[in-house]
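Asks:
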Amino acid sequence: MLAESQRDRGVIVTASTSSDQSFAGRVPIAPQQVDAPLTRSAIFLVVGVVDRPGAMDTVRDVVAGLEGLVKTIGFRDLPAQLSCTVGIGARVWPELTGLSTPAELHPFKEVRGAAHTAVSTPGDLLFHIRSNRQDMCFELERLLLEGLGDAVTTIDETSGFRYFDARDLLGFVDGTANPVGPNLPASTLVGDEDPQFVGGSYVLVQKYLHQMSSWAKLSTEQQESIIGRRKADDLELDDAVEGQKSHKTLNTITDDAGEHDILRDNMPFGSPGQGEFGTYFIGYARHLWVTEKMLERMFIGDPPGLHDRILDFSEAKTGCVFFAPSASLLAGLAG
Ligand code: HEM
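Quick note, in UniProt numbering, the sequence shown goes up one by one and the last residue is 335.
Right under this line is the structure:
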């Protein structure tokens with residue numbers, strides 16, 4: 001069942017995402033493909049559904065027809081690898097889908113540590129739009145919002161860009177430890193534990209703003225011990241045996257079943273003229289509790305009190321949870 005759904009989403013056939021194939025004249029990316037290729041640009045669009053008759057019907061039509069819209073725009077430049085994944089929040093899930101709620105779907109749970117808080121903010125739908133061309137992301141967002149009309153209000157739109165060799169604005173390569181091979185679908189896609197929602201994925205997003213001037217005052221060695229990797233060549237540092245743990249170590253979740261991974265496709269964003277420098281965090285997971293555990297370890301600390309020091313230089317401005325259903329479930333909402 002899981003394998004069938006993974007094929008449905010193009011996750012297993014990773015070759016289908018290669019640029020060779022995209023030049024061959026086929027739409028390269030299956031709909032709702034959580035592991036769509038890393039691209040040069042992305043837009044993260046979070047909207048709320050308005051409370052008026054007919055709004056939910058409009059939204060349902062648009063999300064069920066998303067595959068067609070992505071093809072319409074994506075086909076105009078296949079190597080640009082346009083993709084879009086839509087996530088649906090807990091508040092609107094029942095009415096929008098007419099289905100029971102996926103086992104772990106609930107609104108973002110605020111995590112309040114002694115020094116920093118992972119805030120919970122509103123958001124009913126997330127559109128994660130990726131392409132190598134910013135204009136293609138823009139065009140998809142434009143047409144999506146045209147279709148949604150006054151059924152939604154925009155809560156946040158963030159345009160991200162790939163920064164040199166996949167670095168965040170703190171200067172570190174971001175995304176290295178993402179799962180690969182068979183571990184990728186196993187960590188990101190719901191399996192038989194929730195049969196109705198096989199092939200879907202829990203998506204958690206947070207928009208962080210960095211205090212760059214204080215970060216820049218740290219030595220490279222201090223920054224490296226906060227992240228847990230070397231800055232220039234990205235090599236992993238050893239985990240601390242006791243005391244303060246690095247970001248990398250706090251986000252390594254293990255139990256009797258082994259290590260639990262998530263898939264991240266974070267993007268830098270910003271506006272130097274406004275003094276804005278940020279990281280848009282996005283994590284796809286088979287089990288929402290894994291991402292939530294990471295947040296708990298970052299904000300409360302392990303041991304409690306020793307929080308992730310990345311937070312002393314990065315403030316979470318938003319926090320939302322969504323469920324990205326499989327392509328077939330999404331298309332089935334039509335009519
Ligand atoms: C300010 C926002 C953030 C920045 C700039 C950031 C940056 C980084 C960097 C540079 C790495 C090391 C390279 C890599 O493996 O990707 C990393 C690792 C990681 N981060 Fe973050 N991150 C942020 C927030 C988060 C959040 C909120 C979570 C989870 C809820 C998270 C989960 C992870 C995980 C799972 C790893 C890999 C750990 C491992 O080595 O197994 N990150 N992050």
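Built from N, CA and C at the ideal position, the CB exists for glycine as well.
Quick check: the Cα distance between I227 and V290, rounded to an integer number of angstroms?
Replies: Their backbone Cα atoms lie some 19 Å apart in a straight line.
Asks: Helix, strand or coil, according to DSSP, for E104 in the structure here?
Replies: If DSSP states are grouped into helix, strand and coil, E104 belongs with coil.
Asks: Count the other CB atoms within 10 Å of the CB of S187; is the residue buried (16 or more) or exposed (fewer)?
Replies: With 16 or more Cβ atoms within 10 Å of its Cβ, S187 is classed as buried.
Asks: Where does Q21 sit, in a helix, a strand or coil, going by DSSP?
Replies: Note that Q21 scores a pLDDT of 46, beneath 50, so its modelled location is shaky; the value from the coordinates is reported in the next line. Q21 falls in the helix class under three-state DSSP.
Asks: Mind listing, in chain order, the continuous alpha helix (DSSP H) runs of no fewer than 4 residues lying wholly within the UniProt domain "Dyp-type peroxidase N-terminal" (34-162)?
Replies: For the UniProt domain "Dyp-type peroxidase N-terminal" (34-162), whole alpha helix (DSSP H) runs of length 4 or above, ordered along the chain, are 55-64, 66-74, 93-97 and 134-148.
Asks: Can you look up I253 in the DSSP assignment and give me helix, strand or coil?
Replies: Strand, per DSSP.
Asks: In terms of residues, what are the limits of the beta strand (DSSP E) holding I282?
Replies: First-last of the beta strand (DSSP E) with I282: E276 to A285.
Asks: Could you give the residue range of the alpha helix (DSSP H) that holds V290?
Replies: Element bounds for V290: L288 to F299.
Asks: Please check the pair G48 and P102, which I expect to be a contact at CB under 8 Å, by giving their CB distance rounded to whole angstroms.
Replies: Contact doesn't hold; Cβ gap of about 20 Å is too wide.
Asks: Which of helix, strand or coil does DSSP assign to Q196?
Replies: Helix, per DSSP.
Asks: Just verifying my parser: in three-state terms, what is the DSSP assignment at Y202?
Replies: Strand at Y202.
Asks: Around the C-beta of L329, are 16 or more other C-beta atoms found within 10 angstroms, so that it is buried, or is it exposed?
Replies: Classification for L329: buried.
Asks: Whole angstroms is fine: what's the gap from G160's alpha carbon to G305's?
Replies: Each residue's alpha carbon lies about 32 Å from the other.
Asks: Looking at L82: is its Cβ nearer than 7 Å to the Cβ of F322?
Replies: Taking 7 Å as the Cβ cut-off, L82 and F322 do not qualify as a contacting pair.
Asks: Determine the direct distance from the alpha carbon of S225 to that of L235, and round the result to whole angstroms.
Replies: Roughly 12 Å between the two C-alpha positions.
Asks: Reducing DSSP to helix, strand and coil, say where P303 ends up.
Replies: It is coil, neither helix nor strand.
Asks: Give the DSSP-derived three-state secondary structure of R167 in the structure shown.
Replies: Three-state result, R167: strand.
Asks: Could you check whether the region 105-116 touches the region 289-303, counting it as contact only if at least three pairs of C-beta atoms, one from each stretch, sit closer than 8 Å?
Replies: Cβ pair count under 8 Å is three or more, so yes.
Asks: Just to confirm the assignment, what range does the beta strand (DSSP E) spanning A324 have?
Replies: Unbroken beta strand (DSSP E) run through A324: C320 to A324.
Asks: Taking the alpha helix (DSSP H) that E224 belongs to, which residues open and close that run?
Replies: Counting along the chain, the alpha helix (DSSP H) containing E224 begins and ends at T220 to I227.
Asks: Can you name, in chain order, every residue of its own chain whose Cβ lies under 6 Å from the Cβ of H260, other than the five neighbours on each side?
Replies: So the qualifying residues of the chain are I253 and V290.
Asks: Under three-state DSSP, which class holds G335?
Replies: Correct three-state label for G335: coil.
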